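Below is one structure, written out as structure tokens, with a few remarks after it.
Numbering (this note's numbering), first residue to last: 28 to 284.
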């Protein structure tokens, strides 16, 4: 498949995905959705990839305006064809995904980074879901993921008013994990990614599974899932390597097995 809306490169065990340009239209959105899904399938086959960075080549890469003209035809047969999710492919990735946001994240762009595990923003940036101002609601995971991330009260305030918040406020409420100067953005992201990539890949995947699945379970069910995954870890070669490295006082060399 020839990719037109994204580019990607591997640096050791880290895959960097970049959204190309900032132009948004229905055709490009459809293309972005399908290309992200195709890339996700390729990631599943590449055992060397341990961490993914999702970024953009321009400041407006994560700004997705509401395209009113796309919804002028309102027949049930028409609307589903316009629902091109860019969050679903990201949310299905087993490895940790870090959103490296070079500017604002608005609308479906914010929904996209909400599907990532860690979010890093820059000073002066803004974050919002303005769909209500056009008589719509967020549909690509915004109402569900935002509330789970920052709590019901603050999520309701942001979505019901459609107003954006600045980077400092986004950091304060836990919407983004880190705020840095723009020139320090990729450096900060690579530091976190490199640290994660040095960990046991299976442990990273199980941690994500335990937390995300556990949030939709009772505490008792979540604890049972955690215990089951912990027992599975003990059957891996990486667990043996971790113990050996600890005893030999050296850094472990995990293989994802």
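Just so it is clear, CB atoms sit at the ideal spot from N, CA and C, and this is done for glycine as well.
Being a predicted model, the structure only gives us computed values, none of them experimental.
Going by beta carbons, residue 280 and residue 264 fall outside the 8 Å limit.
Between residue 216 and residue 80, the C-beta spacing is below 8 Å. Within the segment 173-218, the alpha helix (DSSP H) runs of at least 4 residues that lie entirely inside it are, in chain order, 179-188, 194-199. Listed in chain order, the non-local C-beta contacts of residue 124 below 7 Å within the same chain comprise 79, 81, 117, 143, 144, local neighbours out to five positions each way being set aside. Each residue's CA atom was taken as its position, placing residue 267 and residue 146 some 32 Å apart. Going by beta carbons, residue 202 and residue 177 fall inside the 8 Å limit.
The segment 167-181 and the segment 131-138 touch, with no fewer than 3 CB-CB distances between them shorter than 8 Å. Ranked by Cα distance from residue 67, the options 162, 122, 230 are led by 122. Checking the DSSP bridge columns, you'll see residue 134 partnered with 91.
The beta carbon of residue 148 lies closer than 6 Å to those of 128, 194, 203, 206 in the same chain, with the five residues before and after it left out. Cβ contact annotation for residue 91 (same chain, cutoff 6 Å, sequence separation greater than five): 51, 134, 135, 136, in chain order.
Counted as a single uninterrupted DSSP element, the stretch harbouring residue 30 is not any alpha helix (DSSP H), since DSSP gives it neither H nor E. Of the other Cβ atoms in all chains shown, fewer than 16 fall within 10 Å of the Cβ of residue 273; this residue is therefore exposed. For residue 269, the enclosing alpha helix (DSSP H) covers residues 264-274. Counting C-beta atoms within 10 angstroms of its own C-beta, residue 77 has 16 or more neighbours from the protein chains shown and is therefore classed as buried. Closest option to residue 57, judged by alpha-carbon separation, among 31, 198, 40: 31.
Judged by their CB atoms, residue 256 and residue 237 are nearer to each other than the 8 Å cut-off. Ranked by Cα distance from residue 112, the first of 126, 156, 74, 63 is 63. Around the CB of residue 162, fewer than 16 other CB atoms lie within 10 Å, so the residue is classed as exposed. Around residue 209, the same chain offers 149 as residues with beta carbons nearer than 6 Å, after the five sequence neighbours per side are excluded.
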